[in-house]
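What follows is one structure encoded as structure tokens, with my remarks underneath.
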Amino acid sequence: MKRRDLERKLRERGWTLVRHGGRHDVWSNADGTKSECLPRHAEINEHLAQAILKRTET
Numbered sequence: 000m001k002r003r004d005l006e007r008k009l010r011e012r013g014w015t016l017v018r019h020g021g022r023h024d025v026w027s028n029a030d031g032t033k034s035e036c037l038p039r040h041a042e043i044n045e046h047l048a049q050a051i052l053k054r055t056e057t
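Going by numbering that gives the first Met the number 0, the first residue of the sequence shown is number 0, and it counts up by one from there.
Right under this line is the structure:
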């Protein structure tokens, strides 16, 4: 899955970019109770992308 597609899905769920790390970006949900790290690669492994989407369900 392309990173931009995964980021688009996170934004649709109300998640926002908190900061850029060295090799990962940190995203947080609207109320700030959960955070998720996304690797900064152009292509993200499909299994990893699905796991991230599963963890970010509200």
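Every residue, glycine too, gets a C-beta built ideally from N, C-alpha and C.
- Nearest in C-alpha terms to residue 14, of all of 41, 25 and 20, is 25.
- Per DSSP, residue 30 lies in no beta strand (DSSP E) and is assigned neither H nor E.
- Here DSSP, grouped into helix, strand and coil, assigns residue 6 to helix.
- A distance below 8 angstroms between beta-carbons, with the five flanking residues on each side excluded, links residue 5 to the following residues of its chain, in chain order: 37, 43, 48, 51 and 52.
- Relative to the Cα of residue 19, the nearest Cα in the group 11, 12 and 34 belongs to 34.
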